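Here this note's numbering is used: the first residue of the sequence shown is 53, the next is one more, and so on. Note that the Cβ used here is the ideal one computed from N, Cα and C, for glycine as well. Since the model is a prediction, treat every value here as computed from it, not as a measurement. Here the structure comes first, spelled out in C-alpha cells, and everything after it is commentary.
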Amino acid sequence: MPATDSSARGATIIGWGSYLPPKVLTNHDLERMVDTSDEWIVERSGIRERHVDGTTIGMSIEAGRAAIQSSGLSPADIDALIIATTTPDKQWGNAATVQDALGMRCGVFEINAACSGFVYSLVAAHGLIAMGATNVLVIGADSLSKITDWNDRNTAVLFGDGAGAVVLQSCDGPGELVAWDLDADGSAGPILWADVGGYIQMEGKEVFRRAVRIMVDSANKVLHHAGVSGDDIALLVPHQANIRIIQAACDRLGVDMDRTAVVLDRMGNTSAASIPLALDDALTKGRIAPGDLVLLVGFGGGMTAASALLRWGPRT
Ligand code: ACO
Numbered sequence: 053m054p055a056t057d058s059s060a061r062g063a064t065i066i067g068w069g070s071y072l073p074p075k076v077l078t079n080h081d082l083e084r085m086v087d088t089s090d091e092w093i094v095e096r097s098g099i100r101e102r103h104v105d106g107t108t109i110g111m112s113i114e115a116g117r118a119a120i121q122s123s124g125l126s127p128a129d130i131d132a133l134i135i136a137t138t139t140p141d142k143q144w145g146n147a148a149t150v151q152d153a154l155g156m157r158c159g160v161f162e163i164n165a166a167c168s169g170f171v172y173s174l175v176a177a178h179g180l181i182a183m184g185a186t187n188v189l190v191i192g193a194d195s196l197s198k199i200t201d202w203n204d205r206n207t208a209v210l211f212g213d214g215a216g217a218v219v220l221q222s223c224d225g226p227g228e229l230v231a232w233d234l235d236a237d238g239s240a241g242p243i244l245w246a247d248v249g250g251y252i253q254m255e256g257k258e259v260f261r262r263a264v265r266i267m268v269d270s271a272n273k274v275l276h277h278a279g280v281s282g283d284d285i286a287l288l289v290p291h292q293a294n295i296r297i298i299q300a301a302c303d304r305l306g307v308d309m310d311r312t313a314v315v316l317d318r319m320g321n322t323s324a325a326s327i328p329l330a331l332d333d334a335l336t337k338g339r340i341a342p343g344d345l346v347l348l349v350g351f352g353g354g355m356t357a358a359s360a361l362l363r364w365g366p367r368t
C-alpha cells in the first residue's frame with residue numbers, strides 16, 4: 053500500500069539529532085578478539101570502526117533530546133513518541149522511560165521491524181499526524197553490541213550501537229512525504245534471526261542477495277508511485293549494513309554513490325538507528341537543500357523492507 057493521499061494532513065521534519073556511545077571498537081581491536089583482519093573487514097563490508105556499549109534507553113534519551121532541541125519545541129509540545137528498536141533494554145516500558153527522562157507527557161510505543169524500523173515508524177508517525185497529532189518524536193535506537201557474539205567473526209565485525217531521531221510537525225497541505233512502502237517477506241526469516249536472549253545469527257551470503265533485491269523492489273515501488281526515477285533523487289539514505297549492498301542497490305536504482313549517504317565506515321550496522329544517523333550526518337554536512345527528493349530505504353531481519361520518499365521543504 054504505497055503512495056500518499058494528498059488530501060491528508062501532512063507533516064514536515066522540523067528537528068533532528070543523533071547519539072553514539074563514546075566507546076569505539078576499531079577493526080584493529082577486533083583483530084585481537086577473533087581471527088580477522090582490518091583488510092578483510094574493509095574489503096567485504098566497508099566498516100572501519102563502530103561504537104559499542106550503549107543502552108537503547110540511554111542513547112534514545114540523548115538523540116531525542118537533541119532532536120527536540122533542534123526543532124525549537126519543548127518536550128511538553130510532543131504528542132507522541134515512537135521508538136524503533138530491535139534491542140529493547142526491557143521487555144516493555146523503554147519508550148515510557150525515555151518519555152519520562154525527557155519530561156514529555158504523551159502516548160508512547162515501540163516498533164520492532166528490525167533495521168527497517170525507523171522508516172516503518174516514520175510512516176506510522178505520518179499516520180498519527182493525518183489523524184490529528186501535531187508533533188511526533190520518532191527515534192531509531194539499537195544496542196546491537198549486547199546481542200552480538202564477540203567470539204563469532206561472521207557477525208562480530210558488522211554491528212554497532214547508536215540512535216538517531218527526528219521531530220515531525222503537522223502542516224497545511226500534503227507535507228514532505230511523497231510516497232512510502234512497507235514490505236516484508238517472512239519466508240526469509242530463517243536467514244537472519246536472534247532468539248529472545250540469544251545472539252544475532254545469519255547466513256551472510258543469502259542475506260546479501262535478498263537484501264539487495266528487497267531493498268531495490270521497495271525503493272522502485274515508491275519511485276514508480278511518485279512518477280520519478282533514480283536520476284531525480286538528490287540523496288539516497290539507505291540502511292547501513294554493508295557498502296557492497298549499498299553499491300549494488302545504487303547501481304540498480306540508477307543513483308550514483310556521490311548522491312548516497314554513507315556512515316557505516318564509522319558506525320557499522322546500527323539497525324534501526326542507521327537511517328536517522330545517516331540522515332543527521334547528511335543534514336549536518338549541508339547535503340540536503342529545499343526542494344530535494346530524499347529517498348530513505350531500509351531492509352532488515354524478518355525480512356522487512358521500507359521506503360519513504362520525501363520532498364525536502366524550506367526551513368526557517
Ligand atoms: N574475517 C575473516 N574471514 C572471515 C570473516 C572475518 N570476520 N568472516 C567470515 N570469514 C571467512 C568465511 O569463513 C569464509 O571462509 P571460507 O571461504 O574458508 O569458508 C570467507 O571469509 C568468505 O566468506 P563469505 O561469506 O564468502 O564472505 P562475503 O564476501 O559474503 O562477506 C559478509 C561476508 C560481510 C557477512 C557479507 O556476506 C554480508 O555483508 N552479508 C550481509 C550481512 C548483513 O547485511 N546482515 C545484516 C542485515 S539486517 C540487520 O542488520 C539485522
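- Only residues of its own chain outside the window of five on either side were considered, and among them Val171, Val289, Ile327, Ala360 have a CB closer than 6 angstroms to the CB of Leu348, listed in chain order.
- For Arg84, the distance from the CB to the nearest heavy atom of the ligand ACO is not below 6 angstroms.
- In the DSSP assignment, the residues bridged to His103 are Val76.
- Within 6 angstroms of the C-beta of Phe170 there is not a single heavy atom belonging to the ligand ACO.
- Runs of the alpha helix (DSSP H) spanning 4 or more residues and lying entirely within the segment 276-310 occur at 295-305, in chain order.
- Residue state for Leu189 is assigned as strand, using DSSP reduced to three classes.
- Closest in alpha carbon position to Leu189, among Ser112, Val209, Arg363, is Ser112.
- When the alpha-carbon of Ser123 is set against those of Asp131, Leu331, Val218, Ile252, the nearest one is in Val218.
- Taking C-alpha positions only, Ser70 is separated from Gly169 by approximately 16 angstroms.
- Within a 10 Å sphere around the beta-carbon of Ser270 sit 16 or more other beta-carbons, which makes this residue buried.
- Look at the segment 92-142 and you find these whole runs of alpha helix (DSSP H), each 4 residues long or longer: 108-123.
- Proximity of the segment 160-167 to the segment 127-140 meets the contact definition, three or more beta-carbon pairs being nearer than 8 angstroms.
- For Asn187, the number of other beta carbons within 10 angstroms of its own is at least 16, and it is reported as buried.
- If you ignore the 5 residues before and after Ala286, its C-beta comes within less than 6 angstroms of the C-beta of Asp344, Leu345, all in its own chain and listed in chain order.
- The C-beta distance from Gln292 to Thr322 rounds to 7 angstroms, short enough to meet the 8 angstroms contact threshold.
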